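Asks:
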Amino acid sequence: MTETPETATIKKISQETPSIRSFRLDFPMQAKPGQFAMLWLPGIDEKPFTLTAEGKECAVTVQEKGKFTKALFKLKEGDKIGIRGPYGNGFSTSRVKKACIVAGGCGAAPILLLAEELQKQGIKTAIINGARTEKECLFAERLRKTTHDLYITTDDGSLEEQGFVTAPLQRLLEKEKFDCVFGCGPEAMLKKVFELCEKYKVPCQLNLERYMRCATGICGSCVLGKWLVCKDGPVFNSKQLRETEEFGSKALLKCGKDVPIKEFAEWRQQ
Amino acid sequence: MTETPETATIKKISQETPSIRSFRLDFPMQAKPGQFAMLWLPGIDEKPFTLTAEGKECAVTVQEKGKFTKALFKLKEGDKIGIRGPYGNGFSTSRVKKACIVAGGCGAAPILLLAEELQKQGIKTAIINGARTEKECLFAERLRKTTHDLYITTDDGSLEEQGFVTAPLQRLLEKEKFDCVFGCGPEAMLKKVFELCEKYKVPCQLNLERYMRCATGICGSCVLGKWLVCKDGPVFNSKQLRETEEFGSKALLKCGKDVPIKEFAEWRQQ
Amino acid sequence: MPLETVFAGIKLRNPTVLASGILGTNAEILIRTAKEGGAGAVTMKSIGPCEKDGYANPTILEWEHGLINAVGLPSPGYKNTEEELKQLEKSGIPLIASVYAHSIEEYAEIAGFAEKFKPAMIELNMSCPHSKGEGMPFGLDEETAGQVVKAVKKVSGKTPVMPKLTPQALNIASIASACERAGADAICAINTLGPGMLINPEVRKPVLANKFGGISGPAIKPVALRCVYQIYEAVKLPILGMGGISNGRDAIEFIQAGATTVGVGSAVYYRGIGVFKEVCDEMVQWMKKNNAKSLEEIRGVAHGH
Amino acid sequence: MPLETVFAGIKLRNPTVLASGILGTNAEILIRTAKEGGAGAVTMKSIGPCEKDGYANPTILEWEHGLINAVGLPSPGYKNTEEELKQLEKSGIPLIASVYAHSIEEYAEIAGFAEKFKPAMIELNMSCPHSKGEGMPFGLDEETAGQVVKAVKKVSGKTPVMPKLTPQALNIASIASACERAGADAICAINTLGPGMLINPEVRKPVLANKFGGISGPAIKPVALRCVYQIYEAVKLPILGMGGISNGRDAIEFIQAGATTVGVGSAVYYRGIGVFKEVCDEMVQWMKKNNAKSLEEIRGVAHGH
Ligand SMILES: Cc1cc2nc3c(=O)[nH]c(=O)nc-3n(C[C@H](O)[C@H](O)[C@H](O)COP(=O)(O)OP(=O)(O)OC[C@H]3O[C@@H](n4cnc5c(N)ncnc54)[C@H](O)[C@@H]3O)c2cc1C
Ligand SMILES: Cc1cc2nc3c(=O)[nH]c(=O)nc-3n(C[C@H](O)[C@H](O)[C@H](O)COP(=O)(O)OP(=O)(O)OC[C@H]3O[C@@H](n4cnc5c(N)ncnc54)[C@H](O)[C@@H]3O)c2cc1C
Ligand SMILES: Cc1cc2nc3c(=O)[nH]c(=O)nc-3n(C[C@H](O)[C@H](O)[C@H](O)COP(=O)(O)O)c2cc1C
Ligand SMILES: Cc1cc2nc3c(=O)[nH]c(=O)nc-3n(C[C@H](O)[C@H](O)[C@H](O)COP(=O)(O)O)c2cc1C
Ligand code: FES
Ligand code: FES
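Chains as they are written, first to last, in the working numbering: chain U, 125 to 394; chain D, 125 to 394; chain F, 329 to 633; chain X, 329 to 633.
1) Quick one: grab the DSSP three-state call for F:LEU521.
2) Output yes if chain X places a C-beta closer than 8 Å to the C-beta of F:ALA517; else output no.
3) Please confirm whether X:GLY352 has its beta-carbon closer than 8 Å to some beta-carbon of chain D.
4) Exposed or buried, which one is X:ALA497 when buried takes at least 16 other CB atoms within 10 Å?
5) With a 10 Å radius around its C-beta and 16 neighbouring C-beta atoms as the bar for buried, classify F:SER455 as buried or exposed.
6) Can X:ILE527 and F:GLU508 be called in contact, C-beta distance under 8 Å?
7) Give me the residue from D:LEU348, D:PRO384, D:SER373 with the minimum Cα distance to X:THR295.
8) For F:PRO546, does the three-state DSSP call read helix, strand or coil?
9) For F:ALA552 versus F:GLY569, is the C-beta distance shorter than 8 Å?
10) Residues of the segment 543 to 558 of chain X with a CB closer than 7 Å to any CB of chain A: list them in chain order, please.
11) Cβ of X:LYS533 less than 8 Å from any chain F Cβ?
12) Please name the residue, chosen from X:GLY511, X:THR520, X:LYS549, that lies closest to X:GLY541 on a Cα-to-Cα basis.
13) Where do the ends of the alpha helix (DSSP H) carrying D:ARG295 lie?
14) How would you call D:LYS244, buried or exposed, if buried means at least 16 neighbouring beta carbons within 10 angstroms?
15) CA-CA distance, U:SER373 and U:GLU333?
16) Measuring straight from C-alpha to C-alpha, what distance separates U:MET336 and X:GLU412?
17) Just to confirm my understanding: we take X:VAL483, look at its own chain, exclude 5 residues before and 5 after, and list those with CB closer than 7 Å. What are they?
18) Just by C-beta distance, which residues in the segment 189 to 206 of chain U are closer than 8 Å to chain F?
19) Does any CB atom of chain D fall closer than 8 Å to the CB of X:TRP391?
20) On the criterion of 16 or more Cβ atoms from any shown chain inside 10 Å, does X:CYS378 qualify as buried, or is it exposed?
21) Kindly give me the distance between the Cβ atoms of D:THR271 and D:ILE251, rounded to whole angstroms, as I take these residues to be in contact under 8 Å.
22) For U:CYS321, report the span of its alpha helix (DSSP H) as first-last.
23) Given F:GLY394, which residues of its chain have a CB within under 8 Å of its CB, disregarding the five upstream and five downstream residues?
24) Which residues of chain X have a Cβ atom closer than 8 Å to the Cβ of F:GLN584, listed in chain order?
25) Is D:THR249 closer than 8 Å to D:ASP273 when the C-beta atoms are compared?
26) In terms of DSSP beta bridges, what is D:CYS379 paired with?
27) Can you tell me whether D:GLN154 is buried or exposed, with buried defined as 16 or more other CB within 10 angstroms of its CB?
28) Could you give the distance in angstroms between the alpha-carbon of U:PHE197 and the alpha-carbon of U:PHE263?
29) Less than 8 Å between the C-beta atoms of U:LEU149 and U:ILE205, yes or no?
30) List the residues of chain F whose Cβ lies closer than 8 Å to the Cβ of X:LEU623, in chain order.
31) If you measure from the beta carbon of X:THR344 to each beta carbon in chain D, is any gap under 8 Å?
32) Is X:MET449 closer than 8 Å to X:THR487 when the C-beta atoms are compared?
33) Determine which residues share a DSSP beta bridge with U:GLY349 and list them.
34) Is the Cβ of X:ALA362 closer than 8 Å to any Cβ of chain D?
35) Given that F:ARG599 touches chain X, what residues does it touch there, using C-beta distances under 7 Å?
36) Does DSSP put F:ALA347 in a helix, in a strand, or in coil?
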């Protein structure tokens with residue numbers, strides 16, 4: 125066992141939206157939907173990214189934001205990158221017969237693998253995918269292939285329904301009975317999804333993010349209350365979330381300072 | 125893999141001759157005849173001893189000589205001892221149909237396992253066992269069970285033929301054709317056995333000794349010319365011995381000084 | 329029962345202690361490490377004078393024979409740890425507050441702050457090998473180490489003080505003696521060894537962002553064991569021994585070398601948060617099999633002839 | 329061809345060097361290590377001033393992540409090595425004669441003796457961590473290290489002189505600089521790390537007869553790599569890097585850190601005497617796969633940005 129980055133070659137870069145690209149890597153990784161890998165750019169940083177393809181080759185889907193992702197976006201097909209993983213627990217689909225997925229923004233990354241997995245298992249799935257605007261709507265075409273029940277919301281109404289993902293979710297919960305609601309996206313959104321699920325007594329599994337260092341459950345950088353997001357998560361179920369005051373409310377900055385989730389989100393936008 | 129001594133319990137001590145005892149240990153070790161183990165007496169020393177039983181339990185047969193063996197002889201059944209092994213190559217019996225074993229003194233230790241192995245494989249074997257005097261003759265009874273062809277020599281004639289093992293060996297080589305002569309005992313004796321075998325063009329395999337530290341072929345303490353006795357040996361074949369001037373002539377002391385084999389033998393008697 | 333241990337006056341259910349810098353970033357995870365994981369005591373991530381991010385990633389890696397880390401002592405700054413310290417005080421779990429600083433005065437300042445929350449103990453990290461100007465320099469020299477302990481003892485009230493030493497010190501036993509003379513109540517040994525470095529040859533570059541990092545885990549066990557053995561012969565203080573402890577048998581070895589309590593850090597990587605309970609179970613099994621009635625009976629037995 | 333290396337003026341078939349204290353007890357085994365094993369150069373077991381037995385056994389053990397040894401620098405005494413040195417001179421195999429001593433004068437005396445047999449190089453072992461008063465004390469301090477080199481350079485004629493340094497030095501790069509200023513022709517790093525100790529808990533005693541021993545093999549690789557990296561930035565001299573090299577990829581890492589040649593010691597335990605040939609094959613394969621045309625091209629590339 126070693127837990128140091130290995131080198132992988134970028135085989136294909138696809139522009140998914142104006143700010144999001146997928147990077148397909150010549151690197152085998154067996155993973156469940158919701159698991160992630162650590163990508164390393166020597167001299168720059170190492171960061172966690174959800175796997176959006178797995179098997180003989182793997183892929184990640186990344187939104188351009190800060191130092192690391194800007195550097196990543198400069199790379200071309202054929203360039204090399206460091207990678208280690210997979211990490212985390214991923215979504216559990218066992219005993220699920222009918223599912224709903226709610227995804228928002230770039231947090232939608234794990235949605236594709238998850239939707240494909242549910243389709244493969246023949247699980248009936250409704251998908252709600254939210255974005256700021258039509259152009260930033262991730263994976264819409266590919267998701268359509270996995271379900272007949274796709275709902276898209278945009279903040280500005282430029283595509284389909286205007287508003288947040290929570291509106292179609294509430295309508296669905298009102299009339300249908302799901303075995304599980306799977307969620308990924310900004311924590312503020314997930315908090316609302318959780319509250320809806322609690323109200324309608326539907327179990328959920330939500331994919332969360334925290335600042336990470338080791339990714340292997342040792343440094344404690346990624347704590348969410350008593351949980352380690354890298355190891356106990358990044359996917360948490362309703363039971364775990366119920367006992368976790370910090371969900372949707374607090375997070376540690378890189379220095380270890382405990383701040384309100386809003387301050388954390390702002391720090392991430394810097 | 126670790127190469128540190130483990131603890132074993134002494135299950136049975138048998139007085140083989142006035143100066144030689146066998147120690148049966150509650151310790152599993154799979155070994156070939158001629159392989160050895162390192163025995164550790166904490167605070168005293170660690171020394172190599174040929175295995176004289178192997179399998180679910182193992183045994184060594186030891187002559188009381190210096191500091192280490194004196195301390196060993198003070199132990200009782202039930203006492204504990206450190207052990208690691210097996211080490212070395214052991215005798216090879218492949219393609220041997222008819223064999224002769226020549227053993228002398230306490231160097232005769234490996235003879236028992238070897239004789240039993242040859243018998244098990246149905247290989248016709250003549251055994252020549254030499255000792256200083258009747259009382260010091262090792263394993264005579266047990267050897268008799270493995271062969272019809274047992275020759276015993278004693279320096280003082282107190283048992284069977286008076287003289288050295290080389291006399292019956294020469295008579296046998298004169299009239300019979302062996303596939304291999306196996307030898308163990310003092311190096312001066314083995315040198316004579318080797319010369320006889322060369323004269324009669326019979327391949328031989330001889331069990332040699334040198335001062336040892338690591339027993340794993342790294343420290344070089346046990347060199348015999350270009351060979352490592354602990355790893356390439358302790359059993360060497362005619363081809364190897366032919367290229368090795370040091371056989372029967374030179375050996376390293378503990379400090380690494382290269383001395384005539386006679387001086388080495390005297391140092392060992394100290 | 330056979331594992332109950334008194335360490336510098338503190339009663340512990342068992343002698344396993346979560347090492348500093350592992351998990352200990354908030355109160356909840358520390359409480360979980362004790363309750364669910366089974367640790368007899370837990371140590372917070374060392375807290376420093378001010379807010380500090382530490383190094384860029386990668387900061388912590390496993391390299392087959394141990395971990396290497398250059399986290400760079402990130403810290404929320406001691407004043408931002410008040411909530412956590414309060415919550416831990418309330419929990420009643422034996423907490424070791426770990427402190428690092430840039431000067432003798434700062435050590436006293438932070439230790440004085442921590443003391444208000446009545447931790448079971450204050451640990452003085454004078455041994456971090458990868459952070460410039462902090463920690464380690466204080467642990468390399470007898471005089472300085474003694475001064476730090478003396479300054480902290482003035483403000484620590486009844487809370488026992490435990491300097492944490494580095495194996496880079498040429499004579500770790502003399503440093504321990506100096507700390508004892510200065511009034512230390514226990515000694516912790518060892519912090520990570522090195523520094524070391526990893527290179528990824530395909531990338532042709534060092535792997536850690538900081539290039540150099542401290543080594544922990546199985547690779548350092550023999551050095552840690554030697555340090556504990558030497559310190560035991562030099563001081564009368566109880567020792568928290570750590571460095572590469574992965575299982576009960578390792579822990580027994582440290583106790584035979586003279587440790588009273590045993591720290592577990594990297595093994596959380598290898599075996600998960602439940603490693604403390606597992607180590608304890610293995611210790612009890614070992615004791616049964618080897619007729620050791622108590623830890624007292626085997627403490628320090630590897631010494632003498 | 330791609331592995332041919334010039335090291336301090338000596339032409340080597342390949343950069344692998346048998347480390348001192350491994351196998352090198354007589355001329356025949358050293359010649360075999362070069363011819364059959366494939367080593368580019370071989371080092372004798374360090375020779376000292378007089379006949380000395382070293383410690384009782386156990387002296388060398390494997391403990392899962394490396395070796396530990398306290399052989400205690402046994403030596404036939406340098407005068408008794410004349411036959412071996414002559415035979416090696418005749419063989420034409422690049423030989424590094426390794427020397428340890430108790431004083432600066434003794435280093436010069438023994439080096440002067442060795443020089444008569446025209447070894448490829450003289451190595452000054454100032455770094456053995458387990459033998460009292462010999463070796464290591466000379467390698468902990470810039471001034472002493474420089475004095476040893478200076479004294480030896482006076483008697484070594486054209487034979488290049490290479491001090492072998494210890495990772496226990498708090499600043500190995502400054503020691504290397506001091507040796508460079510004193511006239512050294514190359515630097516060897518590192519000797520064993522520690523010391524460390526093993527305890528057998530069932531026996532309740534230390535395992536090595538000497539209790540403490542130097543650690544080598546996989547466990548020390550990150551420390552060795554860091555030392556080579558730091559020395560490379562401090563001196564212009566070529567470096568013989570060693571410490572935990574077990575395969576071709578490890579060797580490439582040392583070369584990227586700045587080593588010109590790579591020592592192999594403990595790996596003889598793990599892979600046998602043929603390890604040199606295997607390491608060379610693996611290096612060549614690595615170079616093919618990673619488009620490295622020569623060792624020159626990758627030497628030191630891990631430095632800079
Ligand atoms: C489990 C997990 C999965 C993820 N999957 C994806 C994915 O699939 N696609 C994707 O685009 N992003 C993903 N992220 C986020 C990603 O790891 C980076 O944090 C993000 O890309 C920002 O990097 P950057 O370029 O802004 O780097 P920086 O310039 O370093 O980041 C900008 C700011 O955000 C802070 N920051 C960096 N990482 C985090 C973090 N994880 N949490 C909080 N703050 C942070 C930085 O310190 C800085 O202040 C995931 C994060 C986690 C924890
Ligand atoms: C491969 C091998 C197998 C062996 N098998 C047996 C066996 O089955 N039964 C048995 O009784 N003995 C055997 N020996 C010899 C044994 O290892 C001890 O050397 C012997 O018992 C002497 O130990 P001691 O009590 O005299 O100890 P010491 O007091 O240490 O020895 C007395 C003197 O002999 C020297 N000496 C010790 N060991 C050796 C050695 N191996 N070679 C040269 N000089 C040495 C000592 O340094 C000392 O000067 C074997 C040796 C080897 C190498
Ligand atoms: C990721 C990591 C972070 C650490 N941070 C600290 C720290 O903040 N303060 C400290 O005193 N020791 C720190 N250490 C050292 C450990 O507390 C411990 O002394 C060392 O790892 C040896 O124990 P181990 O082998 O069980 O890990 C850290 C170790 C690791 C691996
Ligand atoms: C059994 C043993 C004996 C050694 N003896 C010596 C010695 O006599 N002189 C010396 O300079 N180094 C000696 N060393 C150190 C090695 O030469 C080398 O520096 C060290 O083992 C690190 O390399 P490795 O990890 O490849 O073994 C010895 C090492 C071992 C394992
Ligand atoms: S990132 Fe280190 S514990 Fe999660
Ligand atoms: S005893 Fe060490 S090489 Fe044989």
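Every residue gets a Cβ at the ideal spot worked out from N, C-alpha and C, and that includes glycine. Please read these numbers as outputs of a predicted model, since none were measured by experiment.
Replies: So, from the data block:
1) The sequence position of residue 521 of chain F within the third sequence is 193, counting from 1. Correct three-state label for F:LEU521: strand.
2) Translated into the one-based positions of the third sequence, residue 517 of chain F becomes position 189. No, F:ALA517 lies away from the interface with chain X (no Cβ there is under 8 Å from its Cβ).
3) The sequence position of residue 352 of chain X within the fourth sequence is 24, counting from 1. Closer than 8 Å: yes.
4) Here residue 497 of chain X is taken as the residue at index 169 of the fourth sequence, counted from 1. Buried.
5) Numbered from its first residue, the third sequence carries residue 455 of chain F at position 127. Buried.
6) Here residue 527 of chain X corresponds to residue number 199 of the fourth sequence, with the count starting at 1. Here residue 508 of chain F corresponds to residue number 180 of the third sequence, with the count starting at 1. No, the pair does not count as a contact, with Cβ atoms beyond the cut-off.
7) Past the edges of chain X, shown from 329 to 633, lies residue 295 of chain X, and the structure says nothing about it.
8) Translated into the one-based positions of the third sequence, residue 546 of chain F becomes position 218. Note: F:PRO546 maps to helix in three-state DSSP.
9) Here residue 552 of chain F corresponds to residue number 224 of the third sequence, with the count starting at 1. Here residue 569 of chain F corresponds to residue number 241 of the third sequence, with the count starting at 1. Yes; because the gap between Cβ atoms is below 8 Å, this pair is in contact.
10) Absence of chain A from the displayed structure is noted, the protein chains being U, D, F and X.
11) Here residue 533 of chain X refers to the residue found at position 205 when the fourth sequence is read from its first residue. Interface residue, yes.
12) For the purposes of this step, residue 541 of chain X is taken as residue 213 along the fourth sequence, with counting starting at 1. Residue X:THR520 is the option with its Cα nearest to X:GLY541.
13) Mapped onto the second sequence, residue 295 of chain D falls at position 171. It spans 290 to 299 - the alpha helix (DSSP H) in which D:ARG295 sits, taken as one unbroken run.
14) One-based indexing of the second sequence puts residue 244 of chain D at position 120. Exposed is the call here.
15) Here residue 373 of chain U corresponds to residue number 249 of the first sequence, with the count starting at 1. Here residue 333 of chain U corresponds to residue number 209 of the first sequence, with the count starting at 1. Each residue's Cα considered, the two are about 13 Å apart.
16) Here the question's residue 336 of chain U lines up with position 212 in the first sequence. Here the question's residue 412 of chain X lines up with position 84 in the fourth sequence. The straight-line gap from Cα to Cα measures roughly 59 Å.
17) Counting from 1 along the fourth sequence, the entry for residue 483 of chain X is found at position 155. These residues qualify, in order along the chain: ALA436, ALA439, GLY440, GLU443.
18) Those residues of the segment 189 to 206 of chain U placed with their C-beta closer than 8 Å to a C-beta in chain F are LYS204, GLY206, ordered along the chain.
19) Within the fourth sequence, numbered from 1, the residue matching residue 391 of chain X stands at position 63. Closer than 8 Å: yes.
20) Translated into positions along the fourth sequence, residue 378 of chain X becomes position 50. X:CYS378 is exposed by the Cβ-count criterion.
21) Position 147 of the second sequence, counting from 1, holds the residue named residue 271 of chain D. Position 127 of the second sequence, counting from 1, holds the residue named residue 251 of chain D. D:THR271 to D:ILE251, Cβ: 5 Å. Contact.
22) Position 197 of the first sequence, counting from 1, holds the residue named residue 321 of chain U. It spans 311 to 323 - the alpha helix (DSSP H) in which U:CYS321 sits, taken as one unbroken run.
23) Translated into the one-based positions of the third sequence, residue 394 of chain F becomes position 66. Answer for F:GLY394: ILE543, SER544, GLY545, PRO546, ALA547, ILE548, GLY572, SER594, listed in chain order.
24) Position 256 of the third sequence, counted from the start, is the residue given in the question as residue 584 of chain F. Chain-order list of chain X residues neighbouring F:GLN584: ILE527, PRO529, ARG532, by C-beta distance under 8 Å.
25) Counting from 1 along the second sequence, the entry for residue 273 of chain D is found at position 149. Counting from 1 along the second sequence, the entry for residue 249 of chain D is found at position 125. Yes.
26) Position 255 of the second sequence, counted from the first residue, corresponds to residue 379 of chain D. Answer by DSSP bridge pairing: none, since D:CYS379 is not bridged.
27) The sequence position of residue 154 of chain D within the second sequence is 30, counting from 1. So D:GLN154 counts as exposed.
28) One-based indexing of the first sequence puts residue 197 of chain U at position 73. One-based indexing of the first sequence puts residue 263 of chain U at position 139. Annotation: U:PHE197 to U:PHE263 spans about 19 Å, alpha carbon to alpha carbon.
29) Here residue 149 of chain U refers to the residue found at position 25 of the first sequence. Here residue 205 of chain U refers to the residue found at position 81 of the first sequence. Yes, the Cβ-Cβ distance between U:LEU149 and U:ILE205 is below 8 Å.
30) As a first step, residue 623 of chain X must be located in the fourth sequence, where it is residue number 295. Those do not exist, as X:LEU623 stays about 12 Å from chain F at its closest Cβ, beyond 8 Å.
31) Translated into the one-based positions of the fourth sequence, residue 344 of chain X becomes position 16. Taking Cβ atoms only, chain D never reaches closer than 8 Å to X:THR344, which makes this a no.
32) Along the fourth sequence, read from residue 1 onward, the residue named residue 487 of chain X stands at position 159. Along the fourth sequence, read from residue 1 onward, the residue named residue 449 of chain X stands at position 121. By the CB criterion at 8 Å, X:THR487 and X:MET449 fall inside the cutoff.
33) Taking the first sequence and counting its residues from 1, one reaches residue 349 of chain U at position 225. DSSP lists no partner for U:GLY349.
34) Numbered from 1 along the fourth sequence, position 34 holds the residue referred to as residue 362 of chain X. Closer than 8 Å: no.
35) If you number the third sequence from 1, residue 599 of chain F lands on position 271. Result: empty, since nearest Cβ-Cβ is about 16 Å, beyond 7 Å.
36) Translated into the one-based positions of the third sequence, residue 347 of chain F becomes position 19. Of the three classes helix, strand and coil, the one that applies to F:ALA347 here is coil, per DSSP.
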